[in-house]
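Quick note on this note's numbering: the sequence shown kicks off at 221 and runs consecutively.
In this text, a Cβ means the ideal position worked out from N, Cα and C, and glycines have one as well.
Let me begin by presenting the structure, written as structure tokens, before commenting on it.
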Amino acid sequence: MKVEVLIILNNKKYDISIEKVINFIAEHYNYKILSGTLNVLLKSINSLRPRLIIVEKDLKNCSAFELIPKTTHKEFEYVLISDNINDSISAFKHSAFYFLYRPISEIDIQDLLVKWDNYIKRSQGRSFSLSNAPQKLLVTSNGESLIININEIIRIEAKSSYAIIHAEGGKSIISSKNIKHYEKLIRNSFFCRIHNSHIINIDHVRRILKKRDYAVEMSDGANIRVSQNKRSEFTEKINSQIIRA
221 MKVEVLIILN NKKYDISIEK VINFIAEHYN YKILSGTLNV LLKSINSLRP
271 RLIIVEKDLK NCSAFELIPK TTHKEFEYVL ISDNINDSIS AFKHSAFYFL
321 YRPISEIDIQ DLLVKWDNYI KRSQGRSFSL SNAPQKLLVT SNGESLIINI
371 NEIIRIEAKS SYAIIHAEGG KSIISSKNIK HYEKLIRNSF FCRIHNSHII
421 NIDHVRRILK KRDYAVEMSD GANIRVSQNK RSEFTEKINS QIIRA
């Protein structure tokens, strides 16, 4: 039987918070519960190939932050469970899909399942609304760690060895990372690198300008040229999210 959700615990004798998670998951998905050493867990993940992993931060002989990057199977999202609210920053820094803080409420679990269902629909091409996207981005700027909702990002602009993240509300954040870092980090249907100097959020494209040079007008008013070698990818992504009247 296919395992859609893999729940990884420090100990199979779980508390009431974990029991709530399991009960909700059981109503919607095929799942499996695991505990064990790092090597045992790695072997199981690579064999079962789940789409979602729900994992406690502290495991038998490792942490979730050690386990997740070492998997050979990479086609999954993961949810971190922790007793420490401060672990939320590390979770999103390590590209977690969602963070569950004990004691876990039913509202938190319902929110997780709604966002996961929306994510599955988008990834299968049934829905392309970004309004419910759960992903967050941790940005280091001027020595501070800032968390940004990815759906609020309009575009990411290259400036030498760093990048400027332009977001809703006129916010511009100077990041110490370069644009290539973000191109690898943000991998979904809504972002597209259309030029050496720009990654854009397709959801924020307001007009396609073709009269002089192929360009797009973004929701913040910026006009950005689409490079010749990027037009095919851009066209494919924009066409997948619009209905032509």
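| Query | Result |
| --- | --- |
| So within the stretch 228-265, which uninterrupted beta strand (DSSP E) runs reach at least 3 residues, ignoring any that extend past its ends? | 251-254 |
| Between H424 and M438, which are expected to be in contact by the criterion C-beta below 8 Å, what is the C-beta distance as a whole number of angstroms? | 5 Å |
| Excluding sequence positions up to five away, which residues of its chain have a Cβ less than 8 Å from the Cβ of E295? | R269, R271 |
| Alpha carbon to alpha carbon, how far is R427 from F410? | 16 Å |
| Confirm, please, whether the CB-CB distance from L320 to I489 is below 8 Å. | With the chain running from 221 to 465 in the structure shown, residue 489 is simply not present. |
| Going by Cα to Cα distance, which pick from S365, S361, H248, G389 is closest to L332? | H248 |
| Just verifying my parser: in three-state terms, what is the DSSP assignment at P354? | At P354 the pLDDT is 44, less than 50, meaning the model places this residue with poor confidence; the figure from the coordinates comes in the next sentence. P354: coil per DSSP, three-state reduction. |
| With DSSP as the reference, please indicate the residues paired to K379 in a beta bridge. | Y382 |
| Evaluate the contact criterion for the stretch 366-386 versus the stretch 333-340: three or more CB pairs, one atom per stretch, below 8 Å. | no |
| Could you say which of K404, F317, V241, E388 lies nearest to A442 if we only look at CA atoms? | E388 |
| Just to confirm the assignment: which complete alpha helix (DSSP H) runs, minimum length 4, are found wholly within the stretch 281-317? | 284-287, 307-313 |
| Taking the beta carbon of I324 as the centre, do at least 16 other beta carbons fall within 10 Å, making it buried, or is it exposed? | buried |
| What would DSSP say about N338, mapped onto helix, strand or coil? | helix |
| Buried or exposed for R451, please, with buried defined as at least 16 other CB atoms from any protein chain shown within 10 angstroms of its CB. | exposed |
| Under a Cβ-count criterion, where at least 16 other Cβ atoms within 10 Å of its own Cβ denotes burial, should I394 be classed as buried or exposed? | exposed |
| When we look at the beta-carbon of N421 and count the other beta-carbons within 10 Å, is it buried (16 or more) or exposed? | buried |
| Does DSSP classify F454 as helix, strand or coil? | helix |
| Since E364 is in the beta strand (DSSP E), which residue starts that stretch and which ends it? | 364-369 |
| For L229, which residues in the same chain have their Cβ closer than 6 Å to its Cβ, ignoring the five residues on either side in sequence? | S255, E276 |
| Which same chain residues, not among the five before or five after I288, have their C-beta less than 7 Å away from its C-beta? | Y298, H314 |
| Using the rule of at least 16 other Cβ atoms within 10 Å of the residue's Cβ for burial, across every protein chain shown, is V225 buried or exposed? | buried |
| For D303, which option in C282, I327, D278, E286 has the closest C-alpha, if you only look at C-alpha atoms? | D278 |
| Any idea what DSSP makes of L333, helix, strand or coil? | helix |
| Does DSSP put L268 in a helix, a strand or coil? | helix |
| Is DSSP giving N421 helix, strand or coil here? | strand |
| Could you tell me which residues DSSP pairs with E437 in its beta bridges? | R427, N443 |
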